[in-house]
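K.L.:
One structure, as structure tokens, below. Some questions next.
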Amino acid sequence: MAAKVDAISNVEMQVGEESYLTAKKGLKSWLFTLDHKRIGIMYLGSVMFAFLLGGLMALLVRLELLTPGKTIVGPKTYNQLFTLHGAIMVFLFIIPSIPASLGNFVLPLLLGAKDVAFPRLNLASYYIYVFGAIFCVYSIIAGAVDTGWTFYTPYSSTTDTSVISMTLGVFILGFSSIFTGLNFIATIHKLRAPGMTWSKMPLFCWGIYATSVIQVMATPVLGITLLLLVMERALGVGIFDPQLGGDPVLFQHFFWFYSHPAVYIMILPGMAIISEIIPVFSRKTIFGYRAIALSSVAIAIIGFLVWGHHMFTSGQSELATMIFSMLTFLVAIPSGIKVFNWVATMYKGRIVLRAPMLYALSFLFLFTIGGLTGIFLGAIAVDIHLHDTYFVVAHFHYVMMGGTAMAFFGGLHYWWPKMTGKMYSEKLAKIAWAITFIGFNMTFLTQFALGSQGMPRRYYNYLDQFQPLHAFSSVGSWFLGLGFLLMVLYLLASLRSGEKAQANPWGGATFEWTISSPPPEHNFHHQPVAKRGPYEYSVEVGR
Amino acid sequence: MSELAHKGHPEYLQHHFAEAAQQEDASKIGMWLFLATEVLLFSGLFLAFAVMRQYHYEAFREGHHHLNKTLGVVNTLVLICSSLTMALGVRAAQTSRKQQLINYLVATLLFAATFLVIKYFEYSHKIHEGLLPGRYFTGEMHEPAVPLFFGLYFLMTGLHGLHVVAGMIAIGWVLWRGIKGHFHSEYYTPVENVGLYWHLVDLIWIYLFPLLYLLP
Amino acid sequence: MSEHRHHIMPVKGYLAVWAGLVVLTAVTVWVSYFNFGMLNVAVAIIVATIKAALVCLYFMHLKYDTLFNRVILLSTIVFVALFMGFTFIDINSRVKVEPSQFSDNSPLPLPAKFRGEEGKKEAGAVKN
Chain A
1068 MAAKVDAISN
1078 VEMQVGEESY
1088 LTAKKGLKSW
1098 LFTLDHKRIG
1108 IMYLGSVMFA
1118 FLLGGLMALL
1128 VRLELLTPGK
1138 TIVGPKTYNQ
1148 LFTLHGAIMV
1158 FLFIIPSIPA
1168 SLGNFVLPLL
1178 LGAKDVAFPR
1188 LNLASYYIYV
1198 FGAIFCVYSI
1208 IAGAVDTGWT
1218 FYTPYSSTTD
1228 TSVISMTLGV
1238 FILGFSSIFT
1248 GLNFIATIHK
1258 LRAPGMTWSK
1268 MPLFCWGIYA
1278 TSVIQVMATP
1288 VLGITLLLLV
1298 MERALGVGIF
1308 DPQLGGDPVL
1318 FQHFFWFYSH
1328 PAVYIMILPG
1338 MAIISEIIPV
1348 FSRKTIFGYR
1358 AIALSSVAIA
1368 IIGFLVWGHH
1378 MFTSGQSELA
1388 TMIFSMLTFL
1398 VAIPSGIKVF
1408 NWVATMYKGR
1418 IVLRAPMLYA
1428 LSFLFLFTIG
1438 GLTGIFLGAI
1448 AVDIHLHDTY
1458 FVVAHFHYVM
1468 MGGTAMAFFG
1478 GLHYWWPKMT
1488 GKMYSEKLAK
1498 IAWAITFIGF
1508 NMTFLTQFAL
1518 GSQGMPRRYY
1528 NYLDQFQPLH
1538 AFSSVGSWFL
1548 GLGFLLMVLY
1558 LLASLRSGEK
1568 AQANPWGGAT
1578 FEWTISSPPP
1588 EHNFHHQPVA
1598 KRGPYEYSVE
1608 VGR
Chain B
262 MSELAHKGHP
272 EYLQHHFAEA
282 AQQEDASKIG
292 MWLFLATEVL
302 LFSGLFLAFA
312 VMRQYHYEAF
322 REGHHHLNKT
332 LGVVNTLVLI
342 CSSLTMALGV
352 RAAQTSRKQQ
362 LINYLVATLL
372 FAATFLVIKY
382 FEYSHKIHEG
392 LLPGRYFTGE
402 MHEPAVPLFF
412 GLYFLMTGLH
422 GLHVVAGMIA
432 IGWVLWRGIK
442 GHFHSEYYTP
452 VENVGLYWHL
462 VDLIWIYLFP
472 LLYLLP
Chain C
72 MSEHRHHIMP
82 VKGYLAVWAG
92 LVVLTAVTVW
102 VSYFNFGMLN
112 VAVAIIVATI
122 KAALVCLYFM
132 HLKYDTLFNR
142 VILLSTIVFV
152 ALFMGFTFID
162 INSRVKVEPS
172 QFSDNSPLPL
182 PAKFRGEEGK
192 KEAGAVKN
């Protein structure tokens, strides 16, 4: 009951008071804000812009692949397009998407804190992100990179495209990512509300915590990798160049030591959002809280032990290949634990199919496909056949797009009323979701078939026999684009004409729903106290 | 506003923290995490060094003979002394001794500058002999991979040198704040954190020195 | 609380640590004149690690710090070890050396690559 009293007083106290959106006015109040909520919104705008840019390139790539040979662009432009699509989506969209935008906004609210531990660092991380993004955009203008987002040597140290500005951009973006992660770890350790023990913390925070650990521990290695690559180009040091006595496979070790854990930087926050949405819309306490929480940490740690599965065909030793393959299967265990627990949470719940839940369900469906095909690829014999084919492309799009992006949009729809104070059109949201879901599966399910038939990834041209599947996939990408376009439109429309959102539109039991929508500038009027678990609905939800 | 927000908040306590201990703990966690990233950043260079040394043992031995052991030892001692003065500086802040803090910070800065001056002489000697990284190498060599050694030598000591410069800027910043009297026994976290950073710079050199100058 | 948080070490303690570091520097220079064969690297790393431990524990106050800050440092070491360890599993168990102008000019007796320092000296001898 106490929680309910808290909730009411927190909402009522600020009648007549301005929300964080209107408390301060003018451009400057945004550009120099230290408010985690405003920084979250600025990040949200930026990552959405990156998503549109990357998405546009994806559409161009798919359009080019509609027919064999030249459809719209030449081979070099094609190489640049898929590289930029990858680099923008990975470094400018997926990695910062959930932690830096939604995480920034809701993490302190979920913890019952007034802000993150280091607000100035938080703002700095945003500007570092923008600065890095400018480098990346510059590289597009100054002769875009054509190495693939992986920047493998020795091609990346010899190609005449603007590798240096792109790698410097990504290097700078790494700092932004590190600062966000570092900030969140300190926040979760030191700014939890009184009474909020680690086992009463919402699962979103656990997911973000695990993500942050990876961001802090893995990103520096990407930094040094890219710095070495820059030096390789600038000075001809030769560490990765066999002509000079170096070892190109070493580059792949360096790169994947970061980039495999980075896959978990991308998916863990997605899982974190799903863990919030599913109990709320099933009207049921989360099943297996501890298992879900600890499996996030397990994924983060095991994620560091498996990077060599990207290198089975690279000339890596057979011993290392076998070890990495065995360890890869381990990652499936904590991921599986999560999926089973989410399904068990829904079991006998009163499931409400609102837009966030639809995204969460599609996450479950698509991530399971993406995860399981990852296990196939982790098996050496299968991987030798499927390596660098469209099967791999389909696999990681099912995880990244079907998993992370779906979860991101689920979270966006879940917290949109809190962030903006407006409700979007539920009907349009459902339509857009359906188009997206169908378009996604059209685009990428076909690619599993293409890959297993032997279509290599990143190829400009292909055999005529692959055309029907390629064309089907391209058409699917148009549906996907249409779905997202619709989503952007109705979300923007809701800002103008949306219904005013209640403090707690979904009946959630975490702290962010105890304050008004949008929240006041300092979040809470009274320091909230965690007297019960984050998923105990019995007190509050009486629908 | 809130009953809890600004009651008795000292000047140095930011609004979103309830008490000084919480703020101090948080910023130290932040600093240690940052140091962790620094260690991992350098670990890439150390790994590259280890792998290349294994591939080209003879070349690395040859390259190493071009390094000046004496200057390496002197620089090691200089950094150890700077670490001592930094630690004593933190102690001075802990015990609210303003003048002592200023003196120790200035001493640390002087040691750091000494380190850079010695490094400058080492570098100019190498440049003079053409012992430069990669394709700029024009010096004499018997083993073909010697430029690789000097590439790594300049990358490792260069990145470390940049950290020395960054550390000096940070020390300059706390020195300025120390002169303005911001620090006392209740609040000295910036001094402590800059100290941690400076010790890390020393730590990295502790590994760089034997690997580059002393082995085999 | 405050007492407990702000542990202040005596100046003598700092001076002792400093003296220890100077002595260890002398030791590491001194041992570098001996050849322990394969153990050369190990000896250098061990001495450096003792020095690093002194700096961490006393200069950086880790001995008196919170458990979590110690955990951060230890896990950093673990991650570095993973990075280096797994990479070396690969490097040391490859059947074929990466093609390079060196192996082309003078085909290294491949097995020697895997016999540590001694093997490499043999390899070097063959080269010359």
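Protein chains in written order, with this note's numbering: chain A, 1068 to 1610; chain B, 262 to 477; chain C, 72 to 199. We treat Cβ as the ideally placed atom computed from N, Cα and C, and that holds for glycine.
Once DSSP output is grouped into helix, strand and coil, what is the label at Lys1137 of chain A?
P.N.:
coil
K.L.:
Please state whether the Cβ-Cβ distance between Tyr1426 of chain A and Met1473 of chain A is less than 8 angstroms.
P.N.:
Yes, the pair counts as a contact, with Cβ atoms nearer than the cut-off.
K.L.:
Please confirm if Pro394 of chain B has its CB atom under 8 angstroms from at least one CB of chain C.
P.N.:
no
K.L.:
State the Cα-Cα distance for the pair Ile1332 of chain A and Val1157 of chain A, rounded to the nearest angstrom.
P.N.:
10 angstroms
K.L.:
Considering Cα atoms alone, identify which of A:Pro1166, A:Phe1539, A:Tyr1219 is closest to Asn1189 of chain A.
P.N.:
Taking Asn1189 of chain A as reference, the option from A:Pro1166, A:Phe1539, A:Tyr1219 with the minimal CA-CA separation is A:Pro1166.
K.L.:
Assuming Ser1381 of chain A contacts Gln1319 of chain A under a Cβ cut-off of 8 angstroms, what Cβ separation, rounded to an integer in Å, is found between them?
P.N.:
6 angstroms
K.L.:
Between which two residues does the alpha helix (DSSP H) holding Thr1150 of chain A run?
P.N.:
1142–1154
K.L.:
So which of B:Phe295, B:Phe321, B:Gln275, B:Ala353 has the shortest CA-CA distance to Met80 of chain C?
P.N.:
Looking at the Cα atoms, B:Ala353 is the closest of the given residues.
K.L.:
Taking 8 angstroms as the cut-off, decide whether the C-beta atoms of Leu1394 of chain A and Glu1343 of chain A are in contact.
P.N.:
In this structure, Glu1343 of chain A does not lie closer than 8 angstroms to Leu1394 of chain A by Cβ.
K.L.:
Can a CB atom of chain B be found closer than 8 angstroms to the CB of Lys122 of chain C?
P.N.:
yes
K.L.:
Am I right that Leu95 of chain C and Val118 of chain C are in contact with their C-beta atoms under 8 angstroms? What's the rounded C-beta distance?
P.N.:
6 angstroms
K.L.:
Just the C-alpha distance for Gly108 of chain C and Leu476 of chain B, rounded to the nearest angstrom, thanks.
P.N.:
Taking the straight line joining both Cα atoms gives about 11 angstroms.
K.L.:
Check whether the Cβ atoms of Leu1479 of chain A and Leu1169 of chain A sit closer than 8 angstroms, and answer yes or no.
P.N.:
Cβ distance < 8 angstroms, so Leu1479 of chain A and Leu1169 of chain A count as in contact.
K.L.:
Hey, quick one: how far does the alpha helix (DSSP H) through Ser288 of chain B stretch, first residue to last?
P.N.:
281–316
K.L.:
Taking DSSP's pairing of strands, which residues face Thr418 of chain B in a bridge?
P.N.:
DSSP, once it has assigned bridges, lists no residue as partnering Thr418 of chain B.
K.L.:
Ignoring anything shorter than 4 residues, give me the alpha helix (DSSP H) runs that lie fully in the stretch 1167–1226 of chain A, in order along the chain.
P.N.:
1171–1178, 1186–1208, 1222–1225
K.L.:
Starting from the beta carbon of Ile54 of chain C, find every residue of chain A whose beta carbon is closer than 9 angstroms, and list them in chain order.
P.N.:
Here chain C covers residues 72 to 199 and nothing more, so residue 54 of chain C does not appear.
K.L.:
Under 8 angstroms by Cβ, that's how I've got Trp1454 of chain A and Phe1379 of chain A pegged, so tell me the actual separation to the nearest angstrom.
P.N.:
As written in the sequence, residue 1454 of chain A is His, which differs from the Trp given in the question. Correct: roughly 6 angstroms between the Cβ atoms.
K.L.:
Drop a sphere of 10 angstroms on the beta-carbon of Leu1258 of chain A, count the other beta-carbons inside from all chains shown, and report buried for 16 or more, exposed for fewer.
P.N.:
So Leu1258 of chain A counts as buried.
K.L.:
Does any CB atom of chain A fall closer than 8 angstroms to the CB of Phe295 of chain B?
P.N.:
Judged by the 8 angstroms Cβ criterion, Phe295 of chain B is in contact with chain A.
K.L.:
Going by DSSP in three states, Lys359 of chain B sits in which element: helix, strand or coil?
P.N.:
helix
K.L.:
Is the CB of Tyr316 of chain B under 8 angstroms away from at least one CB in chain A?
P.N.:
yes
K.L.:
From the DSSP output, in three-state form, read off Lys1489 of chain A for me.
P.N.:
strand
K.L.:
At 3 residues or longer, and completely inside the stretch 1508–1538 of chain A: list those beta strand (DSSP E) runs for me, N to C.
P.N.:
none
K.L.:
Does the beta carbon of Pro1287 of chain A come closer than 8 angstroms to any beta carbon on chain B?
P.N.:
yes
K.L.:
Whole angstroms is fine: what's the gap from Ile1340 of chain A's alpha carbon to His445 of chain B's?
P.N.:
44 angstroms
K.L.:
Apply the 10 Å Cβ neighbour rule to Gly1236 of chain A and answer buried if 16 or more other Cβ atoms are within range, or exposed otherwise.
P.N.:
buried
K.L.:
Mind checking if Lys1257 of chain A is an interface residue toward chain B, Cβ cutoff 8 angstroms exclusive?
P.N.:
yes
K.L.:
Using a Cβ-Cβ distance under 8 angstroms, would Ala1597 of chain A count as near chain B?
P.N.:
no
K.L.:
Within the present structure, is the beta-carbon of Arg1129 of chain A separated from the nearest heavy atom of the ligand HEM by less than 7 angstroms?
P.N.:
This structure lacks the ligand HEM, and indeed carries no ligand of any kind.
K.L.:
Three-state secondary structure (DSSP) at Lys1567 of chain A?
P.N.:
strand
K.L.:
For Tyr85 of chain C, which residues in chain D fall below 8 angstroms Cβ to Cβ?
P.N.:
Checking the listed chains, one finds no chain D in this structure; the protein chains it contains are A, B and C.
K.L.:
Please confirm if the stretch 457–476 of chain B is in contact with the stretch 415–422 of chain B, defined as three or more CB-CB distances below 8 angstroms between the two stretches.
P.N.:
yes
K.L.:
Classify Met1422 of chain A: buried if its beta carbon has 16 or more other beta carbons within 10 angstroms, exposed otherwise.
P.N.:
The question names Met, but residue 1422 of chain A is Ala in the sequence shown. Ala1422 of chain A is buried by the Cβ-count criterion.
K.L.:
Would the stretch 1121–1130 of chain A count as touching the stretch 1144–1164 of chain A if we require 3 or more Cβ pairs under 8 angstroms?
P.N.:
yes
K.L.:
Pull out every residue of the stretch 1316–1337 of chain A whose Cβ sits closer than 7 angstroms to any Cβ of chain B, in chain order.
P.N.:
Leu1317, Phe1321
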